[in-house]
Amino acid sequence: MFLSHISQTSLPLPAALNAALAYLRHTDFSQMAPGRYPIDGDKMIAIVQTPLTQPWETGMPEFHQRYIDIQYLLEGEEVIGFLPANPTLENAKDQLDERDIAFVHPQANESRLVLTPGMFAIFFPGELHKPCRALNEPMPIKKVVIKIAVDLIT
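If you're matching positions, the sequence shown starts at 31 in this note's numbering and goes up one per residue.
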């Protein structure tokens, strides 16, 4: 997991991640409707979202196998839960084959990452994350999730 702000431009990250961050820096998302936007076919995809954040106690941590997530906050405030990868956890809902996502039951010791506009978090395959949680009260947010095929950095 990596947490930073989009204004940080000299990050020691693989080229594909820096390319995704450059896309975030140079794209005007103000008029983009929610949806999927290919950047590099199915190897790199931007997903514009406008969810309502939910109470911390709701939802389940998720992880992916084939894609890295960059979760970038444009508007509002968001808490994202985080735990390192733990392959011993039982999947509560496994959709890895169909959608590259699996969920595990809530975990007691999740770290809470607080994102404000301009911040992003990068989650690597296997790392647990629980996005779209409310800091105080639920609120509408606007965010972009960039999905990067793991084979672009291996």
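We put the CB at the ideal spot given by N, CA and C, even for glycine. Note that this is a predicted model, so its numbers are computed, not measured.
Given residue i as reference, the closest of the options once Cα atoms are compared
{"i": "tyrosine 102", "options": "Lys177, Ala151, Gly89", "result": "Ala151"}
{"i": "leucine 43", "options": "Ile100, Phe93, Gly89, Phe59", "result": "Ile100"}
{"i": "glutamate 107", "options": "Met31, Gln38, Ala46, Ala164", "result": "Ala164"}
{"i": "glycine 89", "options": "Ile110, Pro117, Phe32, Ala63", "result": "Ile110"}
{"i": "isoleucine 131", "options": "Arg96, Ala50, His35", "result": "Arg96"}
{"i": "aspartate 58", "options": "Glu120, His159, Met149, Val174", "result": "Val174"}
{"i": "glutamine 79", "options": "Pro170, Ile183, Leu182, Asn116", "result": "Pro170"}
Residue i - containing alpha helix (DSSP H), residue span
{"i": "arginine 163", "result": "No alpha helix (DSSP H) contains arginine 163, which is instead part of the beta strand (DSSP E) from 158 to 163."}
Range of the contiguous beta strand (DSSP E) that encloses residue i
{"i": "arginine 66", "result": "65 to 70"}
{"i": "asparagine 116", "result": "Where asparagine 116 is concerned, there is no enclosing beta strand (DSSP E), given that its DSSP letter is neither H nor E."}
{"i": "asparagine 121", "result": "121 to 125"}
{"i": "leucine 51", "result": "Unbroken run through leucine 51 is the alpha helix (DSSP H), 45 to 56; no beta strand (DSSP E)."}
Inter-residue Cα distance where the pair is residue i and residue j
{"i": "threonine 83", "j": "aspartate 124", "result": "23 Å"}
{"i": "proline 136", "j": "lysine 172", "result": "25 Å"}
{"i": "methionine 74", "j": "glutamate 87", "result": "31 Å"}
{"i": "arginine 55", "j": "leucine 104", "result": "11 Å"}
{"i": "leucine 126", "j": "histidine 94", "result": "7 Å"}
{"i": "phenylalanine 112", "j": "proline 81", "result": "19 Å"}
{"i": "cysteine 162", "j": "valine 144", "result": "10 Å"}
{"i": "alanine 49", "j": "asparagine 139", "result": "33 Å"}
Contact belief for residue i with residue j at Cβ below 8 Å, rounded distance in angstroms
{"i": "proline 114", "j": "glutamate 157", "result": "6 Å"}
{"i": "serine 37", "j": "glycine 148", "result": "7 Å"}
Check whether residue i and residue j have beta carbons under 8 Å apart
{"i": "phenylalanine 133", "j": "glutamate 92", "result": "yes"}
{"i": "isoleucine 178", "j": "leucine 47", "result": "yes"}
{"i": "isoleucine 176", "j": "alanine 76", "result": "yes"}
{"i": "isoleucine 69", "j": "valine 180", "result": "no"}
Chain B contact for residue i (CB, 8 Å cutoff)
{"i": "glycine 106", "result": "The chain labelled as chain B is not found in the depicted structure, where only one protein chain is given."}
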